[in-house]
Structure formats: structure tokens, C-alpha cells
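For the sequence shown, the positions run 273 to 780 when our numbering is used.
Note that CB positions come from ideal geometry on N, CA and C, so glycine has one too.
In what follows, a structure is listed as C-alpha cells, so that the remarks can point back to it.
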Amino acid sequence: MENEFEYFGNRVINFLPDLLAALLILLIGWLIARGIKALIVKLLRRTHWDEKVFGKTTEGDTNVFLANIVYYLLMIIVILVVLEVLGINEALAPLGNMLNEFLLFIPNLIGAILIGFIGYLLAKFVSNLVHIGGSVLDKFVDRTGFKDTDKLVRILRKVVFIVIFIPFLIQAFNALQMDAISQPANDILYAFTEMIGQILVAAIILIVFIWGGKYLANFLEDLFRSLGLDNAAEKIQIHNMIGANQSLSKIFANLIYFFLVFFGIITAVDILGLDRLSIILNEILEVTGQIIFGLIILAIGNYISLLIYNTMTRSSNNTFIAGIVRWASLALFIAIALRTMGIANEIVELAFGLILGAIAVAVALSYGLGGRDAAGEHFRDIIKKVRAEAAEIPAEKTPDLSRNRPTPNRGDQFRTGEQGSFDRPSGRPDEPTSRTDRPFSGNPDPDYPADVKGTENRPHRPEDPNQGGITRDPQNPEKPYRRSDDDDTSGFDPNDPRRRDDPNEPLL
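In C-alpha cells form, the structure reads like this:
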């Protein structure tokens, strides 16, 4: 036991100098690192580089951050030296290798930072020159009436800054010599550099369309107002669609400006080679055109419906029917407008067909079931008008068809006890044919029903004594008639030339 305690004591005595040396190195290294940190912060704050690069921020001090990086690096080196003094070599190998690689990387990092910082300063300087030269651009653009010169100058500053800074950024990534990071970044930057020409052309085209479209829109707005387009809007009464305080000339000018700028965007996208985006923008442009054309159709429909309504109410006071016609015509134009816009074509067609079918069925049912009496009266009025027009035709224009009728057989010329139907031969021109040629009087005709209107005072047809009880109608001599016992023959004239001279002559 005594030998073991002696051995341990000797080891402690021998280790004390190394321990004291390590503590001393650690203390001195910590003091040096703290001093260097404070010095770096003080020097960086005097330069005000962070405010020039990043602007004034309240979130943190960039100088302290950089000083802390240096401080921790120095403390790592101090710790490695302390561990080496203490003889702990097994733990130093991985940490030493990492530190060696980092120390070897520090020159590359510093070089990349310097290259990027120089490129940033140069790009910032040139962009500021562009901003200073923007005053000349303002004077030139003010002559053309373009007011958004500040936006144009800001765009130019950013473009110049990017164009100058990108090459320096590529060289900074190359200085790092980290292929895993620098190679993809360099590929992206090289592709972007190749597109700079296309981007500049696209930007110029877009600026021309924006500037030219603005100028053309202002010119067209003044032209439309001078042509009286606003007064036309009041006449067709579309202020309920565009608003009472809106100008139709300004709306048309803004639409033209919108389409010009949209065409410029599509052209710029085509130049950049963005095919997918170009297809999407073309589809949006097509849909927008359809919607605007549908709105134009709707405005025309509104004008036509109002014109129909005003015409109908001016000729009559029936505003109910005029309102129905107005809204029906407006609904038709709404359906056409929606069809033109391409909004729910199947739904519009189905709804319109169902509405027309429902109206047709309703009219048919109301006219066929609920309006039977009215329909009968209507058709009776039509028949009366046709008969009245036929009765007004002159007699000389009516052809005499009795001369061409065939002579009936003798067996059919006489029927006793009932009214007969006989045709007189064409060889008896002395027989009058007009019903007003013969006077008549007597009782009503028993062959006519009493409920027939106009027959209650119809006279009796007298009997011809030479006919054996057979008479002829005074108003229709061609119609034989057999007298009954109730007939009154007081009005018969035996000297009437229309009677037969020969009793044996067959009745025709």
C-alpha cells in the first residue's frame, strides 16, 4: 500500500507543472480572444459598413456577430493547446483535423467574401449613377405625358445592379472551392446570365407596351369624349350597368390599355421561352375577350329591351305586358351573353329549353282548358267575319252554276208530303231566281223550326191550285212544296205568271 501511495503522489507532483501551465495558457488565450473581439467590434463600428450595406436595423449588431466568430475560433485554438499541454492526445486528433480543415478553408472564405463585397459595392455604385441620371430621363419622359418615371428608374437600377453583381457572385462561389455548393449555384447563375439578353429585350418590349398603351389610352379617351360616346351611353341607358358616375369613354380606354399591356406581357413571356406560362396567358386572354364580348351583347340586349318597353308603353298604357316582353327579351340576351362567355353552356341551354317548354305547355293548357269559351268566341268571330266578307262580294262576279247543272230524272222530281229538292231546267228563263221578286204573306213556315233566329216571322208559301196542292216557294221558285191543311192561301195570286199553264206538265 505504501508503494501505491508513493507512486500516486509522485504522479501528482509531476502533473502539477503541466496543469498550472495549461491553466495559465487558457487564461492568457481567453484574455487575448476577448481583446481581439473588442478591437474588431470597435474597428468595424467606426467604418459603418453595415449601415451602408444593410441599412439601419434594430434586430442585431452585425459587427458583434463577426467579432464573436473570431472570438470562438481563437478559443478553440486555445483549448487545443491546453489539451496538448495536458497530454490528452487521443481527443485532439478529430478536433485537430476539423480545425485544420477549417483553417485551410478560411482563406477561401475570406477571398469569396472580398470578391462578393467588391462586386456588391461596384453594382451599388453603378445603380446609384443610374438613379442620378434618372433626372434626365424624367425630363424626357415628361414630354410624352408619362407620369410613372419613378417606377421606371427603380426598375432600371435593379436591372443594372443584377447585371453587374452576378459575375462577381459567380467568382465568389468559385473561390470557395466547394463543388457541392458552388457547382449548382454556378449553373443557375450561368443560365441566368445567358438569359440577361432576353430579359433585357422582354423588359424593353414591356416598357414600350406600358408607355405606349398609356399614351394611346389617354388619346382614345379624349377622342371618345369628343365623339359623344358618353351621351350615347345615356341614350341607351347602360348607366345602371357601369355606374352613374362612370364614363363610358374612360372604360373603353382602360380596356384598350389593359389588352395592350396584356399583349406586351405575352410577347415578353414568349421571348423568355416560358412556354407553359405563355399558354396559360393566352387562355386567360381568350376567356377575357369572351367575357367582354358577352358584356357588350348584354348591353345591347338591355338597350333593345328598353326600346321595346318604351314603344309598347307609348302606344298603350298596358305596362304589365310591356314589362313581361321587356324581361323576356332581356332574359334571351342574358342567355346569349352567357353562351358567348362560355359559362355553363349546358346549364344555360337546359334552363332556356325548360323555360320555353314550360311556357308553351302553360299557354296550351290555359288556351285549351281554361280558355275554351274564349277560344270558341274567337273562332265564331272569325267565321262571322269570313261570311260577312263573302256576302259583300258583288253578284255579277258570282258565276251562275245553275245553267250547268244536269236535269234530274222524273222519278226524283216529286215527293209528296215533304219538302223536295228539284232543279229547274235551264230552258225556263222566265222564272225569277231572286227571293225578293215575289211578295208573300201569311203564317210562318212550318218547315222551319221556331227556335231559329229570324224565322218566327217567315211568311207562308202559298198554294198553287193548278198544281194539285203543290206550291212553290215565293222566295225559292225552284223548291216545290206541298201545301198542308194549316197553310194560309189567302196570299196566292192565280194570275201569277210563275204558275203552270198546263196542269199535266210535270213539276220540275
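Asked, Found
"Buried or exposed by the 16-neighbour rule on C-beta atoms within 10 Å, applied to N574", "buried"
"Unbroken alpha helix (DSSP H) run spanning N340, endpoints", "334-358"
"As assigned by DSSP and simplified to three states, the class of H320", "coil"
"DSSP state of S519 mapped onto helix, strand, coil", "coil"
"Endpoints, alpha helix (DSSP H) assigned at G500", "No alpha helix (DSSP H) holds G500; DSSP gives it neither H nor E."
"Segment contact, 8 Å Cβ cut-off, at least three pairs: the stretch 342-357 with the stretch 283-300", "yes"
"Beta-carbon proximity of R317 to N340, cut-off 7 Å", "no"
"M450 in three-state terms, based on DSSP", "coil"
"Environment of S498 [buried if 16+ CB atoms lie within 10 Å]", "exposed"
"Given 8 Å, three or more beta-carbon pairs between the stretch 378-390 and the stretch 431-450", "yes"
"Endpoints, alpha helix (DSSP H) assigned at N787", "Nothing in the structure corresponds to residue 787, since the chain is present only between 273 and 780."
"Residue from N400, M450, H320 whose Cα sits closest to the Cα of N380", "M450"
"Boundaries (first-last residue) of the alpha helix (DSSP H) holding M613", "591-613"
"Cβ shell of V533 (< 7 Å), same chain only, five flanking positions each side left out", "F481, I482, G485"
"For I627, the nearest candidate out of Y487, R611, L604, A646 (CA to CA)", "L604"
"Where K657 falls, given that 16 or more other Cβ within 10 Å makes a residue buried", "exposed"
"Contact between the stretch 590-601 and the stretch 545-563 (3+ Cβ pairs under 8 Å)", "no"
"Classification of A305 by the beta-carbon crowding that lies within 10 angstroms, buried from 16 upward", "buried"
"Any non-hydrogen atom of the ligand NAD closer than 6 Å to A395 Cβ", "Inclusion of the ligand NAD in the displayed structure is not the case, the ligand content being empty and no account of it being possible."
"Same chain, Cβ closer than 6 Å to A457, five either side skipped, listed in chain order", "F445"
"Residue nearest to I606 in terms of C-alpha spacing, selected from F592, N590, T591, A623", "A623"
"Straight-line gap, E466 to V402 (C-alpha atoms, nearest Å)", "23 Å"
"Counted within 10 angstroms of its Cβ, other Cβ atoms place Y529 as buried (16 or more) or exposed", "buried"
"Contact set for I477: own chain, Cβ-Cβ below 8 Å, skip 5 residues either direction", "G536, T539, A540, I543"
"A525 beta carbon less than 7 Å from that of L492", "yes"
"As assigned by DSSP and simplified to three states, the class of M370", "helix"
"Three-state secondary structure (DSSP) of N361", "coil"
"Alpha carbon of G307 to alpha carbon of N372, nearest angstrom", "24 Å"
"Outcome for G614 when other beta-carbon atoms lying within 10 angstroms are tallied against a minimum of 16", "exposed"
"Rounded separation between K522 and F496 - CA only", "8 Å"
"Residue burial classification, D773 (beta-carbon count within 10 angstroms, cutoff 16)", "The predicted position of D773 is uncertain, since its pLDDT is 49 and thus under 50; no value can be drawn from it."
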